[in-house]
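Student: Can you keep this structure in mind? I'll have questions shortly.
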Amino acid sequence: MVIPGNPQTADARQSFFRLRPWYTRAMNTHTTQHALIVALTDEATMSTGYGETTGRIQVFPVGSFAARDGRPGNITGVTVTAWRLTADDAQALVNRWFRRKTRTVVDYEHQTHLSDKNGQPAPAAGWIEGLEITAEGLFATVEWTDRARAAIRAKEYQYISPVFAWDKTTGAVLDLVSVALTNHPALDGMQPAQAKTIEEGNPHMEKLLAMLRKLLGLPETADDAACTAALATLPQENLIALLKSKDDALTVAQTAIATAKATPPDASQYVSIATFQSVQTEAAQLRAKVAELEGAQSVAALSADIDAALKDGRLAVSAKDWALGMAKSNPDSLRAFLKAATPIEALKGQQSAASGQPGDDAGLASLTAEDKYVCAQLGMTEADYLKAKEAK
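14 is the number of the first residue of the sequence shown in the working numbering; add one for each residue after it.
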């Protein structure tokens with residue numbers, strides 16, 4: 014059985030784990046798949062911070078972790094007692110994932126890997142759209158199907174379980190194969206999946222709490238319980254006096270506002286709303302133009318690095334648009350990614366970052382960063398710009 018993104022090799026140190034309890038089967042002479050369910054969970058969901066159909070799940074915790082039944086330590090031929098995910102392990106996994114063309118599936122109860130045995134369909138519950146490394150572990154952004162989203166909200170499923178490749182000698186997690194919704198966690202201490210991870214606060218209540226904090230002299234971090242407790246400690250007469258003082262201050266402020274309205278404004282100190290709005294519009298346009306120019310400069314400066322990564326196998330052709338977008342929006346992150354990426358032998362020499370026409374590479378390589386910046390501003394391809402330049 015070929016696992017996406019993981020070539021079958023004779024390296025006996027690699028094993029695949031599907032997180033399902035008490036089930037083991039031999040895959041082939043090259044790889045053995047042991048199945049167990051490990052609930053590597055976080056709130057899996059449609060949070061308002063991620064849109065209506067996408068959510069965020071924790072795929073792996075950081076550090077060392079093991080199943081409640083003792084795996085991987087009780088597996089024959091394995092010397093490690095726990096799996097491992099360090100920052101370097103996570104970065105290497107993310108690098109491999111970004112080079113993969115096939116989307117990573119989130120299914121139900123690992124049915125993707127069981128359908129050949131039980132003959133049942135294997136519908137997707139969602140698709141992983143991105144991976145993120147945090148201090149807590151590896152997280153994934155998931156595009157959920159309507160059915161899966163409803164099941165999570167109804168608490169029909171509460172946990173997630175990854176299928177992953179790992180090193181038998183070190184226990185390091187090597188690659189993510191798939192993820193499943195499940196109700197059989199093998200790890201304690203992980204959070205159950207929820208339909209929403211971020212709840213929209215009530216803006217009116219937040220304003221009221223902010224006013225109470227100021228009235229009571231509480232810090233901005235004080236919650237509603239702290240405000241309620243502080244109010245309960247105030248004697249009634251003190252509370253009445255406090256509210257009266259605020260009413261008096263409000264009366265003074267209202268009087269000052271009325272006086273200001275009755276006094277004609279000093280034309281030398283103020284401008285009309287129309288003039289102010291016009292200046293705001295022009296400033297916004299200038300900021301947008303500056304941002305556009307800075308983005309184009311970043312793309313031009315990094316285009317040579319992107320081309321090199323495409324040629325030496327550190328970046329797949331399918332990831333080129335993503336890399337160009339990152340060069341414009343977050344060039345530092347792209348530089349870090351390209352620096353950490355390792356070449357894939359199968360991709361070397363089989364993809365081109367230019368037009369794909371024979372003989373173009375040498376000419377395009379002669380373009381300077383300034384030339385590439387001009388190309389970006391004129392909307393020309395580098396090949397067309399080079400032809401025009403040589404024609405002169």
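For glycine and all other residues, C-beta sits at the position ideal for the given N, C-alpha and C. From a predicted model like this one, the values you see are computed outputs, not experimental measurements.
Can you confirm whether the region 152-169 touches the region 81-89 when touching is taken to mean that 3 or more C-beta pairs between the two stretches lie within less than 8 Å?
Tutor: no
Student: Just to confirm before moving on: does the CB-CB distance between L351 and A322 stay below 8 Å?
Tutor: Residue numbering aside, residue 351 sits at position 338 when the sequence shown is read from its first letter. Residue numbering aside, residue 322 sits at position 309 when the sequence shown is read from its first letter. Yes, the pair counts as a contact, with Cβ atoms nearer than the cut-off.
Student: Which ranges would you report for the alpha helix (DSSP H) in the region 126-199 if only whole runs of at least 4 residues count?
Tutor: 159-166
Student: I'd like the span of the alpha helix (DSSP H) that includes A92, first residue to last.
Tutor: Taking the sequence shown and counting its residues from 1, one reaches residue 92 at position 79. Residue 92 is actually Thr in this sequence, not Ala. Unbroken run through T92: none, as it is neither H nor E.
Student: Which residue or residues does DSSP assign as beta-bridge partners of T117?
Tutor: Counted from its first residue, the sequence shown places residue 117 at position 104. For T117, which the question treats as bridged, DSSP gives the partners I141.
Student: Apart from the five residues on each side of it in sequence, which residues of its chain come closer than 6 Å, Cβ to Cβ, to L151?
Tutor: What you label residue 151 is simply residue 138 of the sequence shown in a count that begins at 1. Once the five neighbours on either side are set aside, the close Cβ partners of L151 are V72, F73, A103.
Student: Can you grab the Cα-Cα spacing for the pair V330 / D320, in whole Å?
Tutor: Within the sequence shown, numbered from 1, the residue matching residue 330 stands at position 317. Within the sequence shown, numbered from 1, the residue matching residue 320 stands at position 307. Using only the alpha carbons, I get a separation of about 10 Å.
Student: DSSP state of I70, grouped into three classes?
Tutor: As a position in the sequence shown, residue 70 is number 57, starting the count at 1. I70 falls in the strand class under three-state DSSP.
Student: Got a sec? Which residues, its chain only, sit under 6 Å from V192 by beta carbon, not counting five neighbours each side?
Tutor: Residue numbering aside, residue 192 sits at position 179 when the sequence shown is read from its first letter. Closer than 6 Å at the Cβ level, and outside the excluded window around V192, lie V119, I173, P175.
Student: Taking the DSSP output, what are the residues bridged to S77?
Tutor: The count along the sequence shown starts at 1 and reaches residue 77 at position 64. Beta-bridge pairing links S77 to R97.
Student: Can you tell me the Cα-Cα spacing of T182 and P356, whole angstroms?
Tutor: Walking along the sequence shown from the start, residue 182 turns up at place 169. Walking along the sequence shown from the start, residue 356 turns up at place 343. Straight-line Cα distance between these residues: approximately 23 Å.
Student: For R69 and D159, I'd like the C-alpha separation in whole angstroms.
Tutor: Within the sequence shown, residue 69 is the residue found at index 56, counting from 1. Within the sequence shown, residue 159 is the residue found at index 146, counting from 1. One C-alpha to the other measures close to 16 Å.
Student: Could you give the C-beta distance for W179 and V155, rounded to a whole number, given that I count them as a contact under 8 Å?
Tutor: Within the sequence shown, the letter at position 166 stands for residue 179. Within the sequence shown, the letter at position 142 stands for residue 155. Actually they are not in contact, since the Cβ atoms of W179 and V155 sit about 22 Å apart, beyond 8 Å.
Student: For the ligand GDP, I want to know if A317 counts as a neighbour, meaning its beta carbon is within less than 7 Å of at least one of the ligand's heavy atoms.
Tutor: Judged by which ligands are present, the structure shown has none, so any question about the ligand GDP falls away.
Student: Am I right that L225 and W110 are in contact with their C-beta atoms under 8 Å? What's the rounded C-beta distance?
Tutor: On the sequence shown, position 212 is the one that residue 225 refers to. On the sequence shown, position 97 is the one that residue 110 refers to. L225 to W110, Cβ: 47 Å. No contact.
Student: Roughly how many angstroms separate the alpha carbons of V91 and G184, rounded to a whole number?
Tutor: The residue you call residue 91 lines up with position 78 of the sequence shown. The residue you call residue 184 lines up with position 171 of the sequence shown. Whole-angstrom Cα-Cα distance: 9 Å.
Student: Please list the terminal residues of the continuous alpha helix (DSSP H) segment that includes S342.
Tutor: Start at 1 with the first residue of the sequence shown, and residue 342 comes out as number 329. 333-342 is the extent of the alpha helix (DSSP H) around S342.
Student: Measuring alpha carbon to alpha carbon, tell me which residue in A245, A332, K341 is nearest T115.
Tutor: Here the question's residue 115 lines up with position 102 in the sequence shown. Considering only alpha carbons, the answer is A332.
Student: Taking just the CA atoms, how far does A79 sit from F177?
Tutor: For the purposes of this step, residue 177 is taken as the residue at position 164 of the sequence shown. For the purposes of this step, residue 79 is taken as the residue at position 66 of the sequence shown. Each residue's alpha carbon lies about 13 Å from the other.
Student: So what does DSSP say about G308, is it helix, strand or coil?
Tutor: Residue mapping note: residue 308 aligns to position 295 of the sequence shown, counting from 1. Residue state, collapsed to three classes: helix.
Student: Which same chain residues, not among the five before or five after T195, have their C-beta less than 6 Å away from its C-beta?
Tutor: As a first step, residue 195 must be located in the sequence shown, where it is residue number 182. So the list reads I50, E122, Y172, S174, once near-sequence residues are dropped.
Student: By the 10 Å Cβ neighbour count, where 16 or more other Cβ atoms means buried, how is E219 classified, buried or exposed?
Tutor: Here the question's residue 219 lines up with position 206 in the sequence shown. Of the other Cβ atoms in all chains shown, fewer than 16 fall within 10 Å of the Cβ of E219; this residue is therefore exposed.
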